[in-house]
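In the UniProt record's numbering, the protein residues as written are 1 to 222.
For every residue, glycine included, the Cβ atom is placed at its ideal position computed from N, Cα and C.
First up is the structure itself, then whatever we jot down about it.
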């Protein structure tokens, strides 16, 4: 469960408010769209769930724990249970698909080599990328690169998945394919997904709960 209670976030320098008095609750297994124009505060909100950005006021609760009260090791443990996928993908362009996904598993030091290989093979098979395992990332299409980024975000089997404008730079067909992947993953594992986007058209084919943000405030919720 994710809950924001009267959360406000200001820019590091100055008084400009990025998010103002945000309140919502997302239950385990929900699929929620976070909709708003560029600069509305969507990315900051996702970073706050991940514990990367800290609220100036208010309370953020993840799985019953207040983010602000977590010690460093507790925060690291929480983050292991959250998969985050970015718009710019943040891939290692000159490394193989396998190396890119492997990186996410090795930084946690929680998996044996056998477990790492099994997880990589499993997620590549699920995303229909198994034949690309040893290909260099910069040789892939945009749609394939985005699927590699998704694979890296999902390979740890997180309970919470944060998607930050991941369909912004790819065509409509690839965007639909990614939506189908996320829906299949949610159905299979019952994970919670928060999908931020500025494009309302992409979500019409996959209706779900919508939280709309405008100028740092919740403007509407369906």
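Taking only the alpha-carbon atoms, compute the straight-line gap between residue i and residue j and give it to the nearest angstrom.
i           : j           : result
residue 100 : residue 11  : 32 Å
residue 222 : residue 23  : 14 Å
residue 189 : residue 158 : 9 Å
residue 79  : residue 36  : 25 Å
residue 13  : residue 112 : 43 Å
residue 40  : residue 214 : 5 Å
Candidates the options: which alpha carbon is nearest residue i's?
i           : options            : result
residue 18  : 31, 25 and 38      : 38
residue 141 : 93, 183, 71 and 53 : 93
residue 2   : 192, 217 and 207   : 192
Under 7 Å between the Cβ atoms of residue i and residue j?
i           : j           : result
residue 27  : residue 8   : no
residue 138 : residue 58  : no
residue 147 : residue 104 : no
residue 211 : residue 34  : yes
residue 278 : residue 149 : Since the first residue of the chain shown is 1 and the last is 222, residue 278 is not available in this structure.
residue 227 : residue 98  : Because the chain in this structure spans residues 1 to 222, residue 227 falls outside the shown range and cannot be described.
residue 145 : residue 89  : yes
residue 42  : residue 196 : yes
residue 32  : residue 166 : no
In its own chain, which residues sit with a C-beta less than 6 Å from the C-beta of residue i, not counting the 5 before and 5 after it?
i           : result
residue 168 : 87
residue 119 : 155
Keeping to the same chain, check which residues put their C-beta closer than 7 Å to that of residue i; ignore five residues upstream and five downstream.
i           : result
residue 81  : 158, 159 and 160
residue 200 : 35
Which full runs of the beta strand (DSSP E) of 3+ residues lie inside the segment 153-187, going along the chain? 160-164
Unbroken beta strand (DSSP E) runs of length 3 or more, entirely within the segment 11-62: which are they? 17-26, 31-35 and 57-62
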